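> Once you've had a glance at the structure underneath, I'll fire off some questions.
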Amino acid sequence: MQLADVQETHFEGKKRAAFWNIYPVCSSLILNPSDLTIFLQWQCPPPQSPLPKLSFPPHSLLMSLIDLFFVHRNLLFPLLHRPTFQRDLDSCLHERDRSFGELVLSVCALGARFSSDERIFDDDAPMNSEERGHSAGWKYINQIDILQMQETNPANALYKVQTICSLVVFLSSTSSPGPIWILLSIGVRHAQAVGAHRRTFLGTKPSVQQELWKRAYWALINLDSFTSIFLGRPKATDPAEYDLDLPIECDEEFWEHPDPEQAFKQPLGQTSLSAYWRTFLKLIDILAFAQKNIYAVKKPPEVWGSSDLWGSSWDARVVSELDSALNQWVDNIPDHLRWDPHMQNLVFFEQSCVLYCTYYFVQIHVHRPFIRPERPLTSIEQRRHYSGMSYSSLGVCANAARSCLHVLDLHSKRQDFHSPQYLSASLSVTSEPRLIPTQMSNSAVVLFNSAIMILLNLWSGKRLGLATDMKREMEDVQLSVRILKGYEKRYQNAGRMW
């Protein structure tokens, strides 16, 4: 049977247009091949006409969206420094500097994902429709000129990199994720051009500018790692090519102080919110090692020309090292971020959910290739070895998938997310959400990945002769679908996954 026949017969009729169609509201971000020739020329052609003036939300809505961004996004994905951002905003820099203005619009777009204000929706989106919820924030994103992101200017490079990171986060959950891989590459080159990937960038003494660049480059590394996995494409960042330090473990309000000697000093006894991000980035380093040594087109032994190293011994050594690194990582999670479904501090609870879900995702990513070998097994020794690895890796992936689903399920049921303290509601699978479902970074994709692994465990377990509880496994899959249904109210990618 031809692939085209399979698609037409089995899949085409089951797609829901609201989650697959490219609507006019976002069509301006689709890059045509003719647009991309600009990246191959020595000099960009001058603009044919002045760019239109940026249009910002009314002041009350603007401040509301910015608050939502810093409460929901910046705490889990630290990119901006609220005091610095607010000073620039109060000085009306967004009206004088287009680069900062586009950053403000991208912040508004991300904040709109958590807002129920009618002014955030596209004017042409039908009322009470799925398209209306998905249009939240697009009126701000559409004003950003993506093709101008490639122009280099050290004076506004930081704003451009921050805007690119915000764009990638926004676009990754829409029906138009195409530009994000190219945008990330541009952002990485901008940061490398100023030297932000090196430890000595801007000196050895901490400063706000230095810390913002560190945040920006680590954000690029994080986004690049996950985007390359989701799209199956090479990374733009290589751990061998950067040596910048991790962000300082100090909350934003203590970055600045009238006494320079007291700047960047966390008060004794006060737990830092940024401890989460440092812990998360250490996990991303483990993920990067896995990508380079397991998923590369040419694994290190093949690059070295030592084919004898390829195979069971190399794979076993790499997996063993990664398992050891993951065990060490989870043992070193700060006490206040260790998993507790009844944790009282809502911010720490959210951060803990992200850490553990990502940990299980990385576990699956490490072991998934060994459920079935990627190459034909020619020797009895290879067959015996990979048979053992298949059992072991399948068990690790299945347990990690169930654990990840358990965390996301409990996250979705936390009723105290409905409180005004948190500003938005989390999805409850037993009742209608009151406001906007809270989706953690990449949670829809992580959830989908876990559901697929549970199904694969069911099918592969039968092939390998393992006893499986079909009823329990299918209940887990149905639970995944129910959570995804809540996410899809604002995130199109969630609606594509069931």
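Position 476 of the sequence shown, counted from 1, bears residue number 1883 in this note's numbering, the numbering being contiguous throughout. The beta carbon of each residue, even a glycine, is placed where N, CA and C say it ideally should be. In this text the structure is predicted, and so the values were computed from the model without any measurement.
Kindly indicate which three-state DSSP category S1797 falls into: helix, strand or coil?
Residue state, collapsed to three classes: helix.
> Would you identify the three-state DSSP class for S1833, choosing helix, strand or coil?
Its pLDDT being 30, under 50, S1833 is placed unreliably by the model, and nothing is read from it.
> Using only the alpha-carbon positions, how far apart do L1469 and L1486 sit?
Approximately 19 Å, taken between the alpha carbons.
> Is the closest heavy atom of the ligand NAD to the C-beta of G1594 under 7 Å?
Absence of the ligand NAD is noted for the structure shown, with no ligands found whatsoever.
> Looking at L1630 and L1574, is the spacing between their C-beta atoms short of 8 Å?
No, Cβ-Cβ distance for L1574 and L1630 is not below 8 Å.
> How many Å lie between T1570 and L1817 at the Cα?
Taking the straight line from one Cα to the other gives about 33 Å.
> Looking at the structure shown, is V1704 part of a helix, part of a strand, or coil, going by DSSP?
Correct three-state label for V1704: coil.
> State whether the segment 1630-1648 contacts the segment 1578-1590, with contact taken as three or more CB pairs (one from each stretch) at a distance under 8 Å.
As far as the Cβ criterion goes, the segment 1630-1648 touches the segment 1578-1590, which means the pair count is three or higher.
> Starting from the Cα of V1568, find the closest Cα among L1517, S1506, T1611 and D1531 and give me that residue.
Nearest of L1517, S1506, T1611 and D1531 to V1568, Cα basis: S1506.
> From F1671 to K1878, what does the alpha carbon distance come to, in whole angstroms?
Those two C-alpha atoms are separated by around 53 Å.
> Please report the Cβ distance between A1519 and G1544, rounded to the nearest whole angstrom; I am assuming they are in contact, meaning their Cβ atoms lie under 8 Å.
Indeed they touch by this definition, with Cβ atoms about 4 Å apart.
> Distance check for I1771 and L1854, CA to CA, integer angstroms please.
Whole-angstrom Cα-Cα distance: 12 Å.
> How would you call S1800, buried or exposed, if buried means at least 16 neighbouring beta carbons within 10 angstroms?
The residue in question, S1800, is buried, as its Cβ has 16 or more Cβ neighbours within 10 Å.
> Given this structure, state the Cα-to-Cα distance separating W1662 from V1615, to the nearest angstrom.
About 7 Å.
> Do S1857 and I1778 have their C-beta atoms within less than 8 Å of each other?
Cβ distance not < 8 Å, so S1857 and I1778 don't count as in contact.
> Does the separation of the CB atoms of L1694 and V1769 fall below 8 Å?
In contact: L1694 and V1769 (Cβ atoms closer than 8 Å).
> Leaving out five residues on either side along the sequence, give the residues of the same chain with a beta carbon under 8 Å from the beta carbon of L1762.
The answer, listed in chain order, is Y1683, T1686, F1687, L1690, I1740 and L1744.
> Could you name the residues of the same chain whose beta carbon sits closer than 8 Å to that of S1471, not counting the 5 residues immediately before and after it, in chain order?
Taken in chain order, the residues that qualify are G1518, S1522 and D1524.
> Any idea what DSSP makes of R1821, helix, strand or coil?
Three-state result, R1821: coil.
> Taking the alpha-carbon positions, what's the I1553 to P1584 distance?
Their Cα atoms are separated by approximately 13 Å.
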